[in-house]
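177 is the number of the first residue of the sequence shown in the numbering used here; add one for each residue after it.
Every residue gets a Cβ at the ideal spot worked out from N, C-alpha and C, and that includes glycine.
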Amino acid sequence: MNFKIGVMGCGVIASWGHLPAIMDTDGLTIHALYDPDEHNLHREAHRYSVPHAYTDIESFFNCGIDAVAICSPAPAHIQNVIDCAAYGLPVLCEKPLAMNEHEGRQMIEIMDDADLLMAVGFCYRFSPCALKIKELIAQDAIGDVRSMRLVYNWDCHGKFYRPDPLNQPDYWVEDPRRKGRMDEGGPMVDCGTHQIDLARWWTGSNIVRFHSHGAWVDDYEAPDHVWCHMDHDNGCHTMVEMSYSFGHTTKDKISHFIYEVIGTRGMIRYDRNFNHFELRNDHGTYQLEFHGEKNFHGMYAAFREALITGELGNLCRPEDALEVTRIARHATDEVIADHHGMLIR
Numbered sequence: 177m178n179f180k181i182g183v184m185g186c187g188v189i190a191s192w193g194h195l196p197a198i199m200d201t202d203g204l205t206i207h208a209l210y211d212p213d214e215h216n217l218h219r220e221a222h223r224y225s226v227p228h229a230y231t232d233i234e235s236f237f238n239c240g241i242d243a244v245a246i247c248s249p250a251p252a253h254i255q256n257v258i259d260c261a262a263y264g265l266p267v268l269c270e271k272p273l274a275m276n277e278h279e280g281r282q283m284i285e286i287m288d289d290a291d292l293l294m295a296v297g298f299c300y301r302f303s304p305c306a307l308k309i310k311e312l313i314a315q316d317a318i319g320d321v322r323s324m325r326l327v328y329n330w331d332c333h334g335k336f337y338r339p340d341p342l343n344q345p346d347y348w349v350e351d352p353r354r355k356g357r358m359d360e361g362g363p364m365v366d367c368g369t370h371q372i373d374l375a376r377w378w379t380g381s382n383i384v385r386f387h388s389h390g391a392w393v394d395d396y397e398a399p400d401h402v403w404c405h406m407d408h409d410n411g412c413h414t415m416v417e418m419s420y421s422f423g424h425t426t427k428d429k430i431s432h433f434i435y436e437v438i439g440t441r442g443m444i445r446y447d448r449n450f451n452h453f454e455l456r457n458d459h460g461t462y463q464l465e466f467h468g469e470k471n472f473h474g475m476y477a478a479f480r481e482a483l484i485t486g487e488l489g490n491l492c493r494p495e496d497a498l499e500v501t502r503i504a505r506h507a508t509d510e511v512i513a514d515h516h517g518m519l520i521r
């Protein structure tokens, strides 16, 4: 069985994540692209030899696609989902699901009323390391999980870039990729949703309380360095730290990405920068096979199975994605409000 996938949005996340994964997944074909930006649209259509490419939404939906991958900017997600529901098409939507809780609930209701499958693209779940952590927790390899520290500090492509380095090597402008992510809510809303999702998914628990702190290295409304402390209903506490200002103005780039999962009888540690993944418990220390933190190919293999069976499996349910978005948004809004209060005082 082969499914013809239509992709909405031909920006960076589609180009290096979604499109190559769809192309490489047996049973899926990139049948059509949609993007109002003709430059992005034709660049990706040429790169991946996609037969149909449209700036017109009706032509896109009427070209014979079986399902849609929504890779557009977050503010466009709600209208994209409304359109997919109107044409009776199942969806895999990039995270964050929506700009706010109201939009997210509306999207879920629309797809439920249409009796259509919708999954949310939390590709970190499908890293073999993330799957292994979930397996080890389920096997009681470290006892009851009591503390997690999930950190991703990076520069989000850097504050500045050179549009034309050959002809204008000294001309630098603000990087639109970083600015766009900051304007949409900043690091906790963008990348931090992955860590919040993993914390809930690994432990099978809900967040009952959370509190956040932020720092402003730049002058956006949202903080570019955020800490969110979360209490789970199973007694675990998780700290998520996210930064888009970690070396964002330095010549030499650096990042910091770790998972630390601490239980009553051991711990699991993953460090992307040192290609390190280990389990330590009362039986000893075990070096585990290292993999990167994300896996779009695994996510699309799961989406193919979901299209066949109607079951999401390890794909993120929209209800879970909505809760993750709610936490990330409220955590960010909390520190913005505190920051404004301090500026007034």
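Same chain only: Cβ atoms within 7 Å of residue i, ignoring 5 sequence neighbours per side
i: T369; result: K271, P272, V500, T501 and A504
i: Y476; result: A197, I198, T201 and L204
i: D409; result: S381, N382 and V384
i: L195; result: V183, I206, E220 and Y224
i: M275; result: A250 and P251
i: H432; result: V327, N329, F422 and N449
i: C367; result: Y328 and M418
i: K470; result: C299, Y300 and S303
i: A398; result: M358, G361, G362, T508 and I512
i: H467; result: S303, P304 and C305
i: A482; result: L293, A295, L488, G489 and L491
Where residue i falls, given that 16 or more other Cβ within 10 Å makes a residue buried
i: I430; result: exposed
i: H215; result: exposed
i: V183; result: buried
i: I206; result: buried
i: A261; result: buried
i: I318; result: buried
i: L342; result: exposed
i: Q344; result: exposed
i: T379; result: buried
i: D259; result: buried
i: V349; result: exposed
i: A375; result: buried
i: H424; result: buried
i: V188; result: exposed
Cα-Cα separation between residue i and residue j, rounded to whole angstroms
i: R219; j: G356; result: 20 Å
i: P352; j: S248; result: 15 Å
i: N449; j: A507; result: 27 Å
i: D289; j: K335; result: 43 Å
i: T545; j: F237; result: In the structure as shown, the chain starts at 177 and stops at 521, and residue 545 therefore has no counterpart that could be examined.
i: D394; j: Y435; result: 27 Å
i: R325; j: V416; result: 6 Å
i: C412; j: H473; result: 31 Å
i: K308; j: D373; result: 16 Å
i: L312; j: P363; result: 29 Å
i: V226; j: K180; result: 11 Å
i: R281; j: D496; result: 11 Å
i: I438; j: N490; result: 23 Å
i: A190; j: V365; result: 19 Å
i: E285; j: M443; result: 40 Å
i: W377; j: C332; result: 25 Å
i: G264; j: D291; result: 9 Å
i: A478; j: P266; result: 14 Å
i: D316; j: N457; result: 10 Å
i: R354; j: P339; result: 14 Å
i: I233; j: G390; result: 39 Å
i: E510; j: L464; result: 38 Å
i: K427; j: N451; result: 23 Å
i: H222; j: D407; result: 48 Å
DSSP bridge partner residues for residue i (one or two, in chain order)
i: N329; result: S419 and H432
i: Y446; result: Y435 and F453
i: D407; result: R385 and H413
i: Q255; result: Q255 is not bridged to any residue.
i: Q282; result: Looking at the DSSP assignment, Q282 forms no beta bridge with any residue, so it has no partner.
i: F179; result: L204
i: C269; result: I246 and V296
i: E350; result: F336
i: G193; result: According to DSSP, G193 bridges with nothing at all.
i: M364; result: The partner list for M364 (beta bridge, DSSP) is empty, contrary to what the question assumes.
Beta carbon of residue i nearer than 9 Å to that of residue j
i: R522; j: E454; result: Nothing can be reported for residue 522, as the shown portion of the chain is limited to 177 through 521.
i: I484; j: M287; result: no
i: I254; j: M294; result: no
i: S388; j: H401; result: no
i: W403; j: H515; result: no
i: I241; j: V257; result: no
i: R493; j: V296; result: yes
i: A243; j: L268; result: yes
6 Å CB neighbourhood of residue i in its chain, flanking five on each side removed
i: C532; result: Lying before the first or after the last residue shown, residue 532 is absent from the chain, which here runs from 177 to 521.
i: H405; result: H387 and M415
i: Q371; result: L326 and V416
i: Y396; result: M358
i: E279; result: I254
Residues of its chain near residue i, where Cβ-Cβ distance is below 8 Å and the 5 sequence neighbours each way are ignored
i: C239; result: G182, H207, A208, H228 and Y230
i: T461; result: E454 and L455
i: Y347; result: R338, P339 and D340
Chain C within 9 Å of residue i, Cβ atoms only
i: F302; result: Chain labels in this structure do not include chain C; a single protein chain is all it has.
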